[in-house]
Every structure is written in C-alpha cells, then in structure tokens.
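Have a look at the structure below, then the notes.
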Amino acid sequence: MEGSNKLTRNIILALILGLVFGFVLNIFAPSVFKIVDPYILYPLGTIFLNLIKMLVVPLVFISITLGVAGLGDPQKLGRIGAKTIGYFLVTTTIAISLAIGIGYAMKPGVGGSFDTSSANFEATEAPSFIDTLLDVIPTNPIEAMTTGNMLQMITFAVFIGLALAVLGDKTKGILKLFEQGNEIMMYLVNVVMKTAPAGAFALIASAVGKQGWEAFKVMGMYFIAVLLALILHAILVYGSTVSLFGKMSPIKFFKGFAPAMSVAFSTSSSSATLPVSMETAQKTLGVPKSISSFVQPLGATINMDGTAIMQGVATVFIAQVYGVDLSISQLLMVVLTAVLASIGTAGVPGVGLIMLAMVLKSVNLPVEGIALIIGIDRLLDMTRTAVNTAGDAACAVMVAETEKKHQSSEESLSA
Ligand code: ASP
C-alpha cells in the first residue's frame, strides 16, 4: 500500500478506535476515564497538536511569500485573489442558507425539554467591521508572527512576495532561501504526520469521553441537523465545484483529500491542519504550489463554511427553543452576520461558537442560548473543521483549473 494511503487508513482506524474507546469509558467507566484522560490522552493529543502548530507560522509565511513571488505579476495575483475571495463569499452564503433551511425543516429546538433557566453564557464584544478591515495591515509584522495573527502575516507575506517578484535577480538569494525553507517545512510536516494516528486517537477519545453520551441524548436532533447540513454542503457544493470548474471527479477529490480532513477532524483546527492540507492538495490533488500556497492559508483564515453552517442551525435552534419567530429580514441579517462571523473566526477549536454571539445579537436572540449547545459543540467542531478545510481545497482545485487557460494564453503571447 502506498505511504499516504496507509497513513490515511491508520488515522481513520485510530479515529474509530478512539471514538469507541471514549464512548465506552464515558458510559461504563467514567472513573477510569478520569485517570486515563489527564495522564495519557491529554498529553498524547497535546504533543501531536503542538507539533503541528509549531509548523504553522513559518509554513504560512514562507509558502505565501513563495506563492505570491511565483505568481509573478500583480495582475495575476489580483485575478486569483478576486476568484478566491469571490468563491469564499458565495459558498459561505450558500452554506448558511442551507443551514437555515435545514433548521426550519428539522425543527431541532421544537418540542424538546431544554433547560434555559440555567443557561449562562458571557458574550465578548465582537470588533467592528472597519476595525477588522484596518487590522489586516500589521504595524509590526514580527509581532503578528509571534502572536500568530494569520491575516496580518498573510498581508506581510503578500508584500514580501510581490517585492521578490518585482526585484527578480536582485533578490534571488533570498528567494532561494525561502525555497529551501519550504523544503524543510514540507519534510517536517511528513515527520510530524507519522504521529498523527496516536494523536487522532487521543484527541477523539478525550473529546468523546468528556462530553459523550449525555450531551448527545438531549441535543441529538440539533446534532443531526448540523451534521446533515455539513454533509450535504460538502457533497453538493464542493462536489460540483471540483467536477464543474476543476474537471476532477468528486470521488477523487474526497478520497485524495481524506488525510487532511481526518487531521482537521481530530484537531478541530483549520490552522493547525494547514501544513497537511497544503501538502495533500499539492501532492494528491495536483494543485500547483503557487496556487495552493495562496488559496489555502487564506481560506484557513477567512473561509469557514462549516462554521457558518453550525451558526445557521444554532440560530434557528435557539430561536425555536426560546419561541421567537424570525422574520425574513431577520433571516437575511443572520445570513449577512454569519458570513462576517465566519470570516472573523480564527481557525482554532471552539471559536465559531464564540462568534455565534455576534449573529444572535444581530437579531436580538438571547446570547445565553449558546450555553445549551456548548456541551455538544466539541464533536461538531471536529466535523465542521473538516468541512472548512475541504472548502479551501475545493477552491484551490477550481482556481488551479481555471488558471490553466490564462497560462496557455500567456505562454502563446510571450512566444
Ligand atoms: N474549529 C474551526 C476551525 O478551525 C473554527 C470553529 O468553527 O470553531 O476551522
């Protein structure tokens, strides 16, 4: 069996074993779980998470710089940038609309016995839209790197990449340095991925063991509604993107991208998954490095269809539990704020739930309602993160294919 296939098989196997192990401990031996979790599962999972997180900042900086330098002219960058951001906005809007539709069709918040009296959730203030936009430019790029501020880092890397492209021969030494740095990062991604099965087992067993069965029993309908929306969105939207615009069969896409999705699933972090998702898109899906290096880090930062889906279903759910009827204009408001909220959601575990406060506030729903879904969110976070990363990869496949025609016309022009 080929190396990457074997790794995917091992990760998936580890996930299933972890799931069963977590459930069994949660139901039959909670006292054993209390010992196994802090001394075995938690350290094992954290080692894996930290190892991949260690690579994120240097990898994103190096690969975006190289990606932009490789694209060469600013016009091409503008075209790819517009296509990428346009795609992100359209698919996120579809995602949230689908989620609202499913929320209304399945009515997860109607008829259950939800205890809203003890619901307690403190919302933090979301930054204003203008501040979010202004904040994209780092006043101190080194600080952006040390604090892991992805958007600021991306902006800085785009500038450096442009400068490298314009200066050409004058800076070829630095370009070489970046290329070699990239080799090192890719090598390290492969090394770290060898620990993925153990990490995936520990992370899922810990999550399921902690929040398992009880949370699921009460929140089953909500859980199923979010899951259904996620699966439908992935199959319909990403399936048609890759087959219509990417000339790739959806089966090849999902099979090829499975290793990255399983890492996203175990880590619940798009940004921690980035090293793996880029490598998988380049090696297995054949996306050129320059495109993958630009589209995927940007996507891991601003494109979160899975998160938008959770926010859509959660909003409808909370409205139903509290007996609030949302008007059409309120629903449109939900679509708009959920798109913004998912752009503002960082690719780390659990942030989507915090950003949900912004969506609820926009239509005056009680923010405390979030407390109802916290219990089940860890498991949904895993699934939506897998969808978040698949969305970025589908976009990369689409951009790669549609850029081919420009490439051939550019080549014939320069001939
Ligand atoms: N965990 C998600 C991600 O990293 C974000 C979220 O929805 O909480 O993509």
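Numbering (the numbering used here), first residue to last: 27 to 441. Ideal Cβ positions, reconstructed from N, Cα and C, are used throughout, including at glycine. Predicted, not measured: the structure shown is a model, and the values here were computed from it.
Buried or exposed, going by whether 16 or more other CB atoms sit within 10 Å of the CB of residue i?
i, result
"F182", "buried"
"L439", "Because the pLDDT at L439 is just 46, under 50, the model does not fix this residue reliably, and the value given afterwards should be weighed accordingly. Classification for L439: exposed."
"V162", "exposed"
"H432", "exposed"
"D331", "buried"
"M219", "buried"
"T172", "exposed"
"S57", "exposed"
"D418", "buried"
"I88", "buried"
"V464", "For residue 464 there is no data in the structure shown, the boundaries of the chain being 27 and 441."
"S303", "buried"
"A131", "exposed"
"V46", "exposed"
"S353", "exposed"
"E169", "exposed"
"K273", "exposed"
"G378", "buried"
"I37", "buried"
"V289", "buried"
"A412", "buried"
"V215", "buried"
"Q337", "buried"
"K79", "buried"
"M27", "Since pLDDT at M27 reaches only 47, below the 50 mark, its modelled position is unreliable, and the value read off the structure follows with that caveat. It is exposed - the Cβ of M27 has fewer than 16 other Cβ atoms within 10 Å."
"L358", "exposed"
How far does the alpha helix (DSSP H) with residue i in it reach, from first residue to last?
i, result
"A372", "Per DSSP, A372 belongs to no alpha helix (DSSP H) and is neither H nor E."
"P64", "No alpha helix (DSSP H) contains P64, which DSSP labels as neither H nor E."
"V136", "Here V136 belongs to no alpha helix (DSSP H), and DSSP marks it neither H nor E."
"A189", "M176 to L193"
"S297", "S296 to K309"
"I210", "K198 to M219"
"I163", "Here I163 belongs to no alpha helix (DSSP H), and DSSP marks it neither H nor E."
Could you check whether residue j and residue i sit closer than 8 Å to each other, using their CB atoms as the reference points?
i, j, result
"L81", "M211", "yes"
"I42", "V184", "no"
"G44", "A226", "yes"
"I399", "A334", "no"
"D195", "S294", "no"
"G107", "K315", "no"
"Q356", "V389", "yes"
"L75", "A298", "yes"
"L201", "L190", "yes"
"M176", "T327", "yes"
"Y248", "P134", "yes"
"R404", "A224", "no"
"A383", "I396", "yes"
"C421", "F204", "no"
"A372", "V385", "no"
"T34", "P276", "no"
"N329", "T118", "yes"
"I128", "A260", "no"
"A324", "T165", "The amino acid occupying residue 324 in the given sequence is Leu; Ala does not appear at that position. Not in contact: L324 and T165 (Cβ atoms no closer than 8 Å)."
Counting contacts by CB-CB distance shorter than 8 Å, is residue i in contact with chain B?
i, result
"S57", "Checking the listed chains, one finds no chain B in this structure; it contains a single protein chain."
task = For the segment 250–289, list the alpha helix (DSSP H) runs that are entirely contained and at least 4 residues long, ordered along the chain.
result = Runs found: none.
query = Within the structure, which residues are defined as neighbours of the ligand COA by a Cβ-heavy atom distance below 6 Å, reported in chain order?
reply = Within the structure as shown, the ligand COA is missing, the only ligands being the ligand ASP.
request  = Mind listing, in chain order, the continuous alpha helix (DSSP H) runs of no fewer than 4 residues lying wholly within the segment 316–378?
outcome  = Entirely contained in the segment 316–378, the alpha helix (DSSP H) runs reaching 4 residues are, in chain order, 331–347 and 354–370.
inquiry  = List, from N- to C-terminal side, the alpha helix (DSSP H) runs of 4 residues or more that fit wholly inside the segment 62–116.
reply    = With a minimum length of 4 residues, the unbroken runs of alpha helix (DSSP H) contained wholly in the segment 62–116 fall at 68–97.
key: Complete runs of the alpha helix (DSSP H) confined to the segment 384–410 [at least 4 residues]   = Counting whole runs of 4 or more residues, the segment 384–410 contains no alpha helix (DSSP H) stretch at all.
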